[in-house]
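S.K.: Dropping a structure here in structure tokens format, bear with me for questions.
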Amino acid sequence: MTLNIKFAAKPTKDTDTVIIGVYADNNLSTASDALNVDTANLIESFLGKQESFKGKSGQIITAPVLDEGKTRILLVGLGDPDKIDGSAAETVGGKLYVALKSIGSKSAAFILGDDEEPENISTADMGAHIAMGVRLRGYSFLKYKTLDAEDESPELGTFTIAGKDNKKSAKTYEPLGHVAAGMLWARDLVNEPPNMLYPESFAKMIKDELKPLGVEVEIFDEKKLEKLGFKAQLAVGMGSARTPRTVVMRWNGKAASKKKSQPLAFVGKGVTFDTGGINIKPSGGMEDMKLDMGGAAAVVGLMKSLALRNAKADVVGIVGLVENMPSDRAYRPSDVIGSYSGKTIEVLNTDAEGRLVLADCLTYVQRKYDPALVVDLATLTGAMMIALGHEYCGTFVNDNDLWENMESASKSTGEKLWRMPLDAAFKKEMVSSIADVKSLGNGRYAGACTAAGFLEHFIEDNRPWAHMDIAGTAWVKSDSAICPKPGTGFGVRVLDKMIADHYEGK
């Protein structure tokens, strides 16, 4: 069922659950004025008797009503009004969705009060972000289920933000909704099983989804890749019967402008299943390797968001799609392979394949489009997961201005980035004794840093570049406040925000 987000002056007639916000220390918001006096007084009295519910952010409790069987009333904690921001409001929304589903609500409405504005966010914007949290947490991936679970709760069909500022909330929500659409599509792609999502089918999905939105889409099949010289990506795919694809997407958001500008470029690793190749992975956890295309999912999700909101920026996205399998045709440890750049690469481990795919795509997009900046996203290293877990995306950046723009977007969206060191020593460590570069560093230490050092060999002309290692953030092992496991769609939102705040209309 599709979850509809609506904005209205009052709850609709079919609303079965009304939600009233409560600030810290059980300070009932003026949204309670929408209730009749007797009910409002009853709730005030009820709150005064509560020992555990104190209006802390995300706390939820069912309020008493005068007429049994009528509309339910939920009280939700909003926390300290001086500490509420967009991310906190979305967490509240996510928790609300879980509570509404558990009680079988089909149509719920959050009532906006007209209290004094919180310090960091307007009441109207808070409502928009609560709706965003509901939408993101309300995501599900059920396309392959054929049997209904016996304990399946009714689905929430409509969530309404109601109040006199509903139009302001709707205006704030509009771009958020477009970003959510990109994020949820990215989640869909990450959650797809690898027998359904492989290079050829993935490329078709991208074209079918983006072309109707006005995004130019070009697909390079195996023959085209051979002709162009994507030797590193082709080497990775040699072991699989599923042949590689590369997809190039262009959003010409400045089409009406006479001023020619360099596009922004985003590159995604799209290993649709990663066995490790000849250096095969342990069997435990290999099922998670369908997630190894999370970088590509983020890039195509970003392109969708930009198109939906008609972003005023020229953007090119490129994703290298490949399956890494062992076979008698697979590339081997100790092979020396070529690359689109012309540089030769000594392969030291076939499970370090993502950087090879990125190397060709990075070089191609720079030479073909001369972008103003390049950002790549990849589920690249286990080392990054060990360092930062699922909370932060390790980000390597060679340009301070670019980092400041990314960091600002990170703080605004809640998609957490942590700057990692790009050092000449890591780049030097990736020089091979028998080829131009090698695919692994000298030992087990600083694996995420040496991977970035490898990629740096393929950044040309001192171009502003960022490498986002999303190995831990592209997926979660358990449900989070605004995301059910596993795929998260991480990267779509922070990059969309960066573009909106710093690069559109310039």
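Going by the numbering used here, the first residue of the sequence shown is number 2, and it counts up by one from there.
Don't be surprised by glycine CBs; every beta carbon is placed ideally from N, CA and C.
Because the structure is a prediction, the values reported are computed rather than measured.
1) Helix, strand or coil for Met421, going by three-state DSSP, please let me know.
2) Using only the alpha-carbon positions, how far apart do Tyr508 and Glu118 sit?
3) So, at 6 angstroms on beta carbons, what are the nonlocal neighbours of Ser241 in its own chain, with the 5 sequence-adjacent residues on each side left out?
4) Where do the ends of the beta strand (DSSP E) carrying Asn325 lie?
5) Are the segment 379-393 and the segment 466-479 touching, with three or more C-beta to C-beta distances below 8 angstroms?
6) Give me whichever residues DSSP pairs with Val268 in a beta bridge.
7) Can you give, in chain order, each stretch of the beta strand (DSSP E) that sits fully within the segment 69-147 and has at least 3 residues?
8) Roughly how many angstroms lie between the CA atoms of Gly59 and Lys261, to the nearest whole one?
9) Using 8 angstroms as the limit for Cβ to Cβ distance, is Ile162 near chain C?
10) Under three-state DSSP, which class holds Thr364?
11) How many angstroms separate the CA atom of Ser355 from the CA atom of Val99?
12) How many angstroms separate the CA atom of Val300 from the CA atom of Val398?
13) Can you list, in chain order, the residues of its chain whose CB lies under 8 angstroms from that of Arg330, leaving out five sequence neighbours each side?
14) Can you tell me which residues form a DSSP beta bridge with Asp470?
15) How would you label Arg188, buried or exposed, when you count the other beta carbons within 10 angstroms and need 16 or more for buried?
16) Let me check understanding here. Comparing Cα to Cα, which of Gly158, Gly277, Asp275, Val348 lies closest to Asp15?
17) Just how far apart, CA to CA, sit Ala410 and Lys417?
18) Please list the terminal residues of the continuous beta strand (DSSP E) segment that includes Gly24.
19) Identify the residues that DSSP records as bridge partners of Val337: which are they?
20) Quick test of your reading: Val376 and Ala308, contact by CB under 8 angstroms. State the CB separation rounded to the nearest angstrom.
21) Bridge partners of Asp275, per DSSP?
22) Whether or not the segment 361-381 and the segment 443-459 are in contact is what I'm after, with contact meaning three or more pairs of Cβ atoms, one per stretch, closer than 8 angstroms; do they touch?
23) DSSP on Ala236, reduced to helix/strand/coil?
24) If we ignore side chains and look at the alpha-carbon of each, how far apart do Met499 and Asn406 end up?
25) Can you grab the Cα-Cα spacing for the pair Pro82 / Asp289, in whole Å?
26) Quick one: grab the DSSP three-state call for Ser481.
27) Touching or not, the segment 208-226 and the segment 169-183, by the rule of three or more beta carbon pairs under 8 angstroms?
28) Would you report the Cα separation of Ser553 and Thr247, rounded to the nearest angstrom?
M.R.: Working from what's here:
1) In the structure shown, Met421 adopts extended strand secondary structure according to DSSP, grouped into three states.
2) The question about residue 508 has no answer here: the residues shown for the chain are numbered 2 through 507.
3) Sequence-distant Cβ neighbours of Ser241 in its own chain, meaning closer than 6 angstroms and more than five residues away, are Glu324, Met326.
4) 315-325 is the span of the beta strand (DSSP E), which, as asked, contains Asn325.
5) Touching, yes.
6) Per DSSP, Ile319, Asp377.
7) Fully enclosed beta strand (DSSP E) runs of 3 or longer: 73-80, 108-112.
8) Straight-line measurement puts the Cα of Lys261 at about 48 angstroms from the Cα of Gly59.
9) Reference to chain C is not applicable here, since this structure consists of a single protein chain.
10) Three-state DSSP puts Thr364 in a helix.
11) For the record, residue 355 in the displayed sequence is Gly; it is not Ser. CA-to-CA, the gap between Gly355 and Val99 works out to about 36 angstroms.
12) Roughly 18 angstroms between the two C-alpha positions.
13) Taken in chain order, the residues that qualify are Met239, Gly240.
14) Its beta-bridge partners are Ala379, Gly395.
15) Arg188 comes out buried.
16) Answer by Cα proximity: Gly158.
17) Approximately 9 angstroms between the Cα atoms of the pair.
18) According to the sequence shown, residue 24 is Tyr rather than Gly. Run containing Tyr24: 18-24, per the beta strand (DSSP E) assignment.
19) Paired residues: Glu347.
20) Their Cβ separation, rounded to whole angstroms, is 18 angstroms, which puts Val376 and Ala308 out of contact at 8 angstroms.
21) Answer is Asn325.
22) With a cut-off of 8 angstroms, the segment 361-381 and the segment 443-459 count as touching, because enough Cβ pairs lie within range.
23) Here Ala236 sits in helix by DSSP.
24) Counting only the Cα atoms, Asn406 lies some 6 angstroms from Met499.
25) Rounded to whole angstroms, the gap between the alpha carbons of Pro82 and Asp289 is 40 angstroms.
26) Strand.
27) No, the segment 208-226 is not in contact with the segment 169-183.
28) In the structure as shown, the chain begins at 2 and stops at 507. Residue 553 is therefore absent and cannot be evaluated.
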